[in-house]
Amino acid sequence: MAAKRAAKVYLSVPMIANRSLNRAMLLARVIEEAGYEVTSPWVLGKLETDVVAQVDVFKRDKEGAENCDVLVADVTEASTGVGMEIMAAHKAEKRIVLVARRGKITSRMLMHMQPKEIVEYDDDESLARGLAQALRAPGNLK
């Protein structure tokens, strides 16, 4: 019998403006500890300043969002790229988990999008606990 593969999570975080590498690394750690595979490891490293010449970022990120099992998106701060990745996952009917700091203003379009799950947090501990709980729930994982 073949071993069950780890579900693939596309981690979507702001990369240019409003970047929080520490939060991205925390999210990735929680995702991996929950038994999932992070399929967007480039969000955890240095900024891709010369990647434009080497990688079609639009194609890579769009396909990554479309081909994952779950998209986890940090929407604490506004990001055009994160919004585009969420839309790609939504159109592909993927499970979407949004994380946002409690009290921060979040796009009304995202708040009205269905289906989605929202993890609101106050600090790193509540973020980790909330995301782990969301990932353990069956959700609409396909």
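The sequence shown maps to residues 1454 to 1595 in this note's numbering.
Note that the Cβ used here is the ideal one computed from N, Cα and C, for glycine as well.
Look at the alpha carbon of residue i and the alpha carbon of residue j, and state the distance between them as a whole number of angstroms.
i, j, result
"Q1567", "V1523", "14 Å"
"K1557", "T1529", "7 Å"
"A1526", "A1590", "17 Å"
"E1519", "K1547", "7 Å"
"Y1489", "G1517", "15 Å"
If you follow the beta strand (DSSP E) that residue i is part of, which residue opens it and which one closes it?
i, result
"L1551", "1548-1554"
"K1461", "1461-1465"
Over what stretch of residues does the alpha helix (DSSP H) that includes residue i continue unbroken?
i, result
"I1539", "1533-1544"
"V1510", "1510-1520"
"M1478", "1474-1486"
"S1579", "1577-1589"
Tell me, which residues are paired with residue i by DSSP?
i, result
"V1572", "V1552"
"I1527", "According to the sequence provided, residue 1527 is Asp. The question's Ile does not apply to it. DSSP, once it has assigned bridges, lists V1552 as partnering D1527."
"V1491", "V1462"
With 8 Å set as the bound, which would you pick, yes or no: does the beta-carbon of residue i sit closer than that to a beta-carbon of chain B?
i, result
"E1570", "Looking at the structure shown, chain B is missing, and only one protein chain is on hand."
Practice task
Count the CB pairs spanning the region 1471-1485 and the region 1505-1514 that are closer than 8 Å, and state whether there are at least three.
Solution key: Contact fails between the region 1471-1485 and the region 1505-1514, because fewer than three Cβ pairs, one in each stretch, are under 8 Å apart.
Practice item. Check whether the region 1578-1590 touches the region 1539-1546, taking contact to mean three or more Cβ pairs, one atom from each stretch, closer than 8 Å. Key: No, the region 1578-1590 does not touch the region 1539-1546.
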